[in-house]
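A.B. asks:
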Amino acid sequence: MTAIQRDRPKRSGRRVRYRLRVAAVAASLTLMCALAGAVAARVYHGQLLYLLVAGAAFGAFAIGFALRNRPAFLAPSASLVGLAAYLLAAIAITDDGADPLPATIVDALVNAVPRTLTALIPVEPAPDTVVVPVFLTWLAATLACEFAIRYGRTLLGCLPPALLYGAGLYLVGPNAEVGTVSAVAFCVLAAAALAVTAAPPERRPDTDAVVDGPAPSRAPALMGMVATAAVLLAVMALLVPVAARLVTASPGDPREYVEPPQLTDIDLNPLVRIAEWSKYPDQDLFKADTSADAWMRLAVLTEYDGTTWQAAGDFRTAGTVIPGSGDASYSADVEIIGLGGKLVPAAADPATVTGLPIAVNLTTRCLLTPDGLATGTAYHVDSALVAADPAAAENARANLADAATVAVPPGTPEIMATIADYIRTTYDTPYARAQGLADFLGQHYAYNPEAPSGHDLPSLGFFLGSPVDAGGQRGTSEHFAAAYAVIARLIGLPSRVVVGFEVPGGSSTVTAGQGSAWPEVDFDGVGWVRFDPMPPPDAVPVPPEDTLEQMEEETPSPEEDSGGGGEAEDFNDESLEQDGDFDDALTEDAGGLPVWVWYAIGVLLLACVPLVLKARRALRRRRRLTRGTPAERVAGAWAEVLASAARAGVKVPGHANAEEAAARLATLEADIGPLPRLVNAAAFAPHAVSESDADAAAAVASDYSGRIGHQVKRWKRFLT
Amino acid sequence: MHDTEQTHPLRVPKRMQQQVQLGAAQAEQFAAAFERLAAAVDTVVLGKQEVVRLALTAMFAEGHILLEDVPGTGKTTMARAIAAAVSGQWRRIQFTPDLLPSDVSGVTIFNQASGAFEFHPGPVFANIVIADEINRASPKTQSALLEVMEEGRVTVDGRPHQVPQPFLVVATQNPVEMDGTYRLPEAQLDRFLVKLSVGYPVEAAEIEVLRGTHQRSPEHLAAVVDTDTVAQMAEMAKHVYIAEPLYAYLVQLANATRNHPQVAVGVSPRGLIALTRAASVFALSQGRSYIIPEDVKALAGPVFAHRIQLAPDAAMRGATGAQVVADAFHQVSVPLPASAA
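If you read the protein sequences in the order shown, they are chains A and B. Each residue of the first sequence is one higher than the one before, starting from 31 at the first, in the working numbering. Each residue of the second sequence is one higher than the one before, starting from -9 at the first, in the working numbering.
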């Protein structure tokens, strides 16, 4: 009785330490799951998803922790119920109330994955975009709790949050800054959880601790830890900077593989709308209440194949905040009246849109609503107005970075080349040429709202070159803008066509007559500059052939034409783009070592893993068979035999006694002789075990593992 | 250092070392004597070595034996053979419905010659009492055995009378002819350390029985050990070493039977003590001075099964106490090093 009373405080203290360790592991893993979930939250708008994933991690872990001592089926079942409740709560919190809640729930659950992947950054926390991160966080926390708390496998418990972290990084892609702090915190938490459970054998609660032999004395263990930490730090200090320089590519963006929203015909080729708008200029398209005068863009067309102008890039689902925009300085409340299609008018550059589900074209930054516009559709858009500085553009070179904006389809009419030559010889700078082209078209061609639609090359040739009597040399903004853009490209100016509306400040109804198309030219360092090639009202056009024939007479020989004198800068000289300060040198020097060396190092390190495992096993065997009391060595021999049998695929259940275990081990056709008797003695009468018994047990263990070696699977023999 | 000795399961604490009194030599001596006795009984009860050894284990554990089987399987013969092999007094009581308690325990009679009441001991006053077909007696008579089985004494007219030691009750009962019988109550079943079933002999043993029916009578069996030796051997069994983890193992087994879904009443602490005593004897009979889990497993069925009261629905479905015990062993991990949890 006295002995029992003496044991109580000791057992109590041990229990408290054990509980503290479990609590520390639980706290670490909960935070790891929350951090891993928060990786994806970086591309979400606002702080809501941070709170949701943190709640999911805590909730799932709390359920698993509370039921850790209950039957194994109970925790997952309860966690499933908790997950369902939490998902419903998350959906209810993020629901905007536009649809009935049950419909929203079904829609969110069915479309969660595709919409999460297609949602544009920053993702709006909506029912369909929060389900995936919340679900994955909950799942990771549940698994982590089961592995680490119920089964005591802390390292395995770190795996779900690590996978979640990786999934978060994949989802984020290149759309967020490198999260160094969270990554370091994640690693520190994992290390803390592992360190807390890394108890020496005599303090470990598991039965294996008994047979792993006595712990090494404190000083060597401490020195070993310090040496290991120093080696790890040194390796990291050497490798991390080099590895960081090697990483020159951004991670892939999963959104690139997602099917974008589909466009209708009038959205694919919105330039054809100009003819209708010109013919019926009084039809009301939408009401607008704007903060200032602005051009609201409907579509930006950068690709021309000789037949139609089309927009480049795909539309991506976005939240209320359009990524990559500046501070909003312009606002507009729009209510649709007669405007159809899916394209949404908005002043450049849109920053936020409310009241409408939105997809955005990241190339042109135009907007689209997947459900299409209908009468009564209303939305609010804030834009960061883009005002290119004409003064800066006057001395700027053309921005030739995007080859698509200067691509000209084959078969351009001769009149276009003639006009291009005229402009090129008449003007020196890119801006002067762009403005000169606009002036040329405005002075030599007439506006006619009745002109037939068409902006393919033959139509543009007819517009530019046919006689007035035949119906040529007159057109709508469709013809002016399209012809301008093609000729500009012939000159070497990057151009595009924009379809939109001129909207005055204040409240007004925008009619079809305000709709037009205009060309824009891209200047290096300035951006896209709008030009107006339309003739002034009531202007009498000058026949273009008169000007062009005069140009041919005055054209100097190529030798005389040095582009404005020998000292003038040639703005089209592509060699000037090769400044020598671009990325090539960087990529050549990156890393200092060829990439194959790093691959070789990686392979070498991987090859070392089996060696390390083998060495660890050999050391453990040596410790088990040679250290400790005779009884401990016999127990170690028994553990070695069981481990060897397990490697060969024969596992002994926990309820088997030594005789039953021996019968089970005998299926491997290798005798373990007196070992069952010895292990019984070691376990239940340690005083009865002698040194010779321990030696005999060690011999049996060594012999047994040697004899069943061939029954171990080949890959297991090689790797472990 | 002291702490390490106390906490490490493979290092014997000093207080435990002091309790270990039996050496390997003593255990060997016990095993030899046990084997001599068993071999003697085996000459009469052919082909039943295991049952004979379990019965002898119960005797040296100072427990009582309930033999249950169909008529003619050698229950009474085995009981008589055990009695004959021990050179003590033995009596046989044939239980019948009209048997009175005084017929078992004895009676006080007035002696006119001496003018005083004299106690006439009943047949229960013997070293080995064979209670044949115990379930045929009335509960009142059955209960007359309760006190003597538990305390080794009989109280008649307020005066206790000690029965000779060692004292062993070997009861038999027939499980098939239930008409006119009285099922032993749970309290009385709990008094029996083991409940054994003799069973039919194997073919070779049965042929051998036929060959020498007359020569193999218990009457021809010479005593192998005397009652003093039996008492000494029983005393030795009390000093068998039991490792600390085994106590927890035993309690976990008992708990497993108590928490079994098919069980109404599980194993009592008395049953757990009985198993420990029996396992101690069994260990010694194997020449070991300490208990191992194999001893526990060998005896758990005979010791536990008859003490387990099944739930009515489980009993209707044909569940048995032996199945419950087997389930319990599958639920509890053996406290061996490195065994899976």
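A virtual CB, placed ideally from N, CA and C, is assigned to each residue, including glycine.
(1) Thinking C-alpha only, which one of B:F20, B:V322, B:A29 and B:L56 is nearest B:S187?
(2) Could you give the C-beta distance for A:Y514 and A:L467, rounded to a whole number, given that I count them as a contact under 8 Å?
(3) Checking the sheet assignment: what are the DSSP bridge partners for B:I83?
(4) Helix or strand or just coil, what does DSSP make of A:T227?
(5) Going along the chain, which residues of the stretch 287 to 310 of chain B sit with their C-beta nearer than 9 Å to a C-beta in chain A?
(6) Any contact of the stretch 421 to 428 of chain A with the stretch 378 to 397 of chain A, i.e. 3+ C-beta pairs under 8 Å?
(7) For the stretch 225 to 248 of chain B, list every residue whose C-beta sits within 9 Å of some C-beta in chain A, in sequence order.
(8) Using a Cβ-Cβ cutoff of less than 6 Å, which residues in the same chain neighbour A:R183 once the five nearest sequence positions on both sides are dropped?
(9) How close, in whole Å, do the beta carbons of B:E123 and B:Q163 come, if the pair is a contact with beta carbons under 8 Å?
(10) What residue range does the beta strand (DSSP E) around B:E58 cover?
(11) Look up A:M326 in the DSSP assignment and give the residues it is bridged to.
(12) Is the beta carbon of B:T63 less than 8 Å from the beta carbon of B:G189?
(13) Which residue comes first and which comes last in the alpha helix (DSSP H) that contains B:V286?
(14) Which residues in the same chain as A:A615 place their Cβ atom closer than 8 Å to its Cβ, once the five residues preceding and following it in sequence are excluded?
(15) Pick out whichever of B:Q102, B:L289 and B:F182 has its Cα sitting closest to the Cα of B:A121.
(16) Any chance the stretch 101 to 116 of chain A sits against the stretch 185 to 194 of chain A, with 3 or more Cβ pairs inside 8 Å?
(17) For A:H75, go through chain B and note every residue whose CB falls closer than 7 Å to its CB, in chain order.
(18) In terms of residue numbering, what span does the beta strand (DSSP E) encompassing A:S537 cover?
(19) Say whether chain A places a C-beta atom closer than 8 Å to the C-beta of B:L57.
(20) Bridge partners for A:W668 per DSSP, in chain order?
(21) Secondary structure at A:K372, three-state DSSP: helix, strand or coil?
(22) For A:A377, collect the residues of the same chain with a Cβ closer than 6 Å to its Cβ; drop the 5 residues on either side in sequence, then sort them by chain order.
(23) Examine chain B for any beta-carbon lying closer than 8 Å to the beta-carbon of A:W745, and answer yes or no.
(24) Give the DSSP bridge partners of B:L333, in chain order.
(25) Are A:Q313 and A:A542 touching if we call contact CB-CB under 8 Å?
(26) Taking 8 Å as the threshold (C-beta atoms), are A:F95 and A:A56 in contact?
(27) Applying a beta-carbon distance threshold of less than 7 Å, which residues of chain A neighbour B:H320?
(28) Leaving out five residues on either side along the sequence, give the residues of the same chain with a beta carbon under 7 Å from the beta carbon of A:V742.
(29) Where A:F470 and A:I367 are concerned, what is the direct C-alpha to C-alpha distance, given to the nearest angstrom?
(30) Following a CB-centred definition, is A:I93 positioned closer than 7 Å to any heavy atom of the ligand PLP?
(31) Taking the alpha-carbon positions, what's the A:T347 to A:H75 distance?
(32) How is A:N710 classed by DSSP in three states: helix, strand or coil?
(33) What residues in its chain sit with their C-beta under 8 Å from that of A:G596, if we drop five residues either side in the sequence?
(34) Name the DSSP bridge partner or partners of A:D363?
(35) My understanding is that B:I298 touches B:T266, with C-beta atoms under 8 Å, so please give their C-beta distance in whole angstroms.
(36) Using DSSP with H/G/I as helix, E/B as strand and the rest coil, what is A:G491?
C.D. replies: Taking the definition as stated:
(1) Against the second sequence, residue 187 of chain B aligns to sequence position 197. In terms of Cα proximity to B:S187, the closest of B:F20, B:V322, B:A29 and B:L56 is B:L56.
(2) Against the first sequence, residue 514 of chain A aligns to sequence position 484. Against the first sequence, residue 467 of chain A aligns to sequence position 437. Taking 8 Å as the upper bound for CB-CB distance, A:Y514 and A:L467 are in contact here, some 6 Å apart.
(3) Here residue 83 of chain B refers to the residue found at position 93 when the second sequence is read from its first residue. BP columns for B:I83 point to B:A121.
(4) Indexing the first sequence from 1 puts residue 227 of chain A at position 197. The answer is helix: DSSP assigns A:T227 an H, G or I state.
(5) K287
(6) no
(7) Y231, I232, A233, P235 and L236
(8) Translated into positions along the first sequence, residue 183 of chain A becomes position 153. So the list reads F177, once near-sequence residues are dropped.
(9) Residue 123 of chain B sits at position 133 when you count from the first residue of the second sequence. Residue 163 of chain B sits at position 173 when you count from the first residue of the second sequence. Indeed, because the Cβ distance is near 6 Å, the residues count as touching under 8 Å.
(10) Looking up residue 58 of chain B in the second sequence gives position 68. Residues I55 to E58.
(11) Walking along the first sequence from the start, residue 326 of chain A turns up at place 296. A:M326 pairs with A:A377 and A:F531.
(12) Position 73 of the second sequence, counting from 1, holds the residue named residue 63 of chain B. Position 199 of the second sequence, counting from 1, holds the residue named residue 189 of chain B. Yes, these two residues count as a Cβ contact at 8 Å.
(13) Translated into the one-based positions of the second sequence, residue 286 of chain B becomes position 296. Its alpha helix (DSSP H) spans residues P283 to F294.
(14) Taking the first residue of the first sequence as position 1, residue 615 of chain A is located at position 585. The predicted position of A:A615 is uncertain, since its pLDDT is 40 and thus under 50; a value taken from the coordinates is nonetheless stated next. No residues qualify anywhere along the chain.
(15) Numbered from 1 along the second sequence, position 131 holds the residue referred to as residue 121 of chain B. Of B:Q102, B:L289 and B:F182, the residue nearest in Cα terms is B:F182.
(16) no
(17) Residue numbering aside, residue 75 of chain A sits at position 45 when the first sequence is read from its first letter. Near A:H75 there are no residues of chain B at all, since even the closest Cβ is about 48 Å away, more than 7 Å.
(18) Residue mapping note: residue 537 of chain A aligns to position 507 of the first sequence, counting from 1. Looking at the DSSP string, the run of the beta strand (DSSP E) that includes A:S537 is G536 to T541.
(19) Within the second sequence, numbered from 1, the residue matching residue 57 of chain B stands at position 67. With respect to chain A, the C-beta atom of B:L57 has no partner C-beta closer than 8 Å.
(20) Numbered from 1 along the first sequence, position 638 holds the residue referred to as residue 668 of chain A. A:W668 is not bridged to any residue.
(21) Residue mapping note: residue 372 of chain A aligns to position 342 of the first sequence, counting from 1. Reduced to three states, the DSSP call for A:K372 is coil.
(22) As a position in the first sequence, residue 377 of chain A is number 347, starting the count at 1. Only A324, M326, Y360 and S413 meet the Cβ criterion.
(23) By 1-based counting over the first sequence, the position of residue 745 of chain A is 715. By this cut-off, A:W745 is not an interface position.
(24) For chain B, the structure presents residues -9 to 331; residue 333 of chain B sits outside this window and is missing.
(25) Translated into positions along the first sequence, residue 313 of chain A becomes position 283. Translated into positions along the first sequence, residue 542 of chain A becomes position 512. For A:Q313 and A:A542, yes; Cβs fall inside 8 Å.
(26) Working through the first sequence from its first residue, we reach residue 56 of chain A at position 26. Working through the first sequence from its first residue, we reach residue 95 of chain A at position 65. Closer than 8 Å, so yes.
(27) Translated into positions along the second sequence, residue 320 of chain B becomes position 330. The answer, in chain order, is H685.
(28) For the purposes of this step, residue 742 of chain A is identified with residue 712 of the first sequence, where counting begins at 1. Excluding sequence neighbours, A:V742 sits near R677 and A678.
(29) Taking the first residue of the first sequence as position 1, residue 470 of chain A is located at position 440. Taking the first residue of the first sequence as position 1, residue 367 of chain A is located at position 337. In a straight line, the C-alpha of A:F470 is about 37 Å away from that of A:I367.
(30) The model depicted lacks the ligand PLP and carries no ligand whatsoever.
(31) The sequence position of residue 347 of chain A within the first sequence is 317, counting from 1. The sequence position of residue 75 of chain A within the first sequence is 45, counting from 1. Straight-line Cα distance between these residues: approximately 14 Å.
(32) If you number the first sequence from 1, residue 710 of chain A lands on position 680. Of the three classes helix, strand and coil, the one that applies to A:N710 here is helix, per DSSP.
(33) Within the first sequence, residue 596 of chain A is the residue found at index 566, counting from 1. With a pLDDT of 42 at A:G596, under the threshold of 50, the predicted position of this residue should be treated as unreliable, and no value is reported.
(34) Within the first sequence, the letter at position 333 stands for residue 363 of chain A. A:D363 is bridged to A:D319 and A:H410.
(35) Working through the second sequence from its first residue, we reach residue 298 of chain B at position 308. Working through the second sequence from its first residue, we reach residue 266 of chain B at position 276. No, B:I298 and B:T266 are not in contact; Cβ-Cβ is about 17 Å, not under 8 Å.
(36) If you number the first sequence from 1, residue 491 of chain A lands on position 461. Helix, per DSSP.
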